[in-house]
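My numbering numbers the first residue of the sequence shown as 5 and each following residue consecutively.
Virtual Cβ for every residue (Gly too), placed ideally from N, Cα, C.
Predicted, not measured: the structure shown is a model, and the values here were computed from it.
What follows is a set of notes on a single structure, which appears directly below.
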Amino acid sequence: MLTLRPGRIADSSYPYRSVLLPTDGSESATAALDQAVGLSRTHDAALHLLSVIDVGSLGTDVRALAQTEAIEANANEALDDAERYAKAESVDAVSTAVVEGTSVPGSIRSYVEENDVDLLVLGTHGRTGLDRFLLGSVTEKLVRKSPVPVLTVHSPEEG
5 MLTLRPGRIA DSSYPYRSVL LPTDGSESAT AALDQAVGLS RTHDAALHLL
55 SVIDVGSLGT DVRALAQTEA IEANANEALD DAERYAKAES VDAVSTAVVE
105 GTSVPGSIRS YVEENDVDLL VLGTHGRTGL DRFLLGSVTE KLVRKSPVPV
155 LTVHSPEEG
């Protein structure tokens, strides 16, 4: 599903020049990676791969520091895997970044604005009901607030 903010013309940034895929290494992010890579290759667009570390959910003690380091190592591994895949699929312009923030959607929006991204590709986890209420939905928040079109990709288990 491609979602546009009210008032935007559907093809105002088409063909895409700069595509962003936030990734956490999950199945849904991997499904979205396939689409982001395909679009980047087709439009000869730069592909930005981003991982956000939610430092707001971590404490400030020594254990939190160790946990942050482990999360950062996992984020870098997910980005390295995604970058290798993109380059193997003939995407030449690939950049990676790990950012820390207290809001994952806010950090992604900031990255979009600071890096002239014109398409955001997001995997969906398919949470519903209580899980969605308690955990929130990064995708839902970005669909509502993104300054650029958002392409959502269902993970394989969602069907």
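Problem set entry | G105, enclosing beta strand (DSSP E) - first and last residue | Start and end: 98-105.
For this session: Compare the Cα-Cα distances from H52 to each of P19, A86, E31, E93 and report the closest residue.
Result: If we check each option's Cα against that of H52, A86 comes out closest.
Exercise. When you compare only the Cα positions, how much space is there between S55 and P151?
Worked result: The alpha-carbon separation between S55 and P151 amounts to approximately 19 Å.
Exercise. Helix, strand or coil: which one does DSSP assign to V116?
Worked result: Helix at V116.
Problem set entry | For T27, the three-state DSSP class (helix, strand or coil) | In the three-state scheme derived from DSSP, where H, G and I count as helix and E and B as strand, T27 is classed as coil.
For this session: Determine the contact status of S44 and V121, defining contact as a CB-CB distance below 8 Å.
Result: With contacts defined as CB atoms closer than 8 Å, S44 and V121 fail to qualify as a contacting pair.
Exercise. Measuring CA to CA, which of S22, A33, Y20 is closest to G127?
Worked result: Checking every option, the nearest Cα to that of G127 belongs to A33.
Exercise. How many Å lie between V116 and K149 at the Cα?
Worked result: Answer to the nearest angstrom: the Cα atoms are 12 Å apart.
Exercise. If L37 and L25 are in contact, beta carbons under 8 Å, what's the gap, nearest whole angstrom?
Worked result: Yes, they are in contact, since the Cβ atoms of L37 and L25 sit about 6 Å apart, within 8 Å.
Problem set entry | Coarse secondary structure for S141, derived from DSSP in three states | Looking at S141 - three-state DSSP - the assignment turns out to be coil, as it is neither helix nor strand.
Exercise. Residues in its own chain within less than 6 Å of V108 by CB, not counting five upstream and five downstream?
Worked result: Only residues of its own chain outside the window of five on either side were considered, and among them V56, D58, V142 have a CB closer than 6 Å to the CB of V108, listed in chain order.
Exercise. Near H158, what residues of its chain come up, given a Cβ to Cβ distance below 6 Å and the 5 sequence neighbours on each side ignored?
Worked result: Only T128 meet the Cβ criterion.
Problem set entry | Among G110, A49, Y18, the one whose alpha carbon lies nearest that of K91 | Considering only alpha carbons, the answer is A49.
Exercise. Along the chain, where does the beta strand (DSSP E) that runs through G127 open and close?
Worked result: 123-128 is the span of the beta strand (DSSP E), which, as asked, contains G127.
Exercise. What did DSSP end up calling V95 once you bin it into helix, strand or coil?
Worked result: Residue state, collapsed to three classes: coil.
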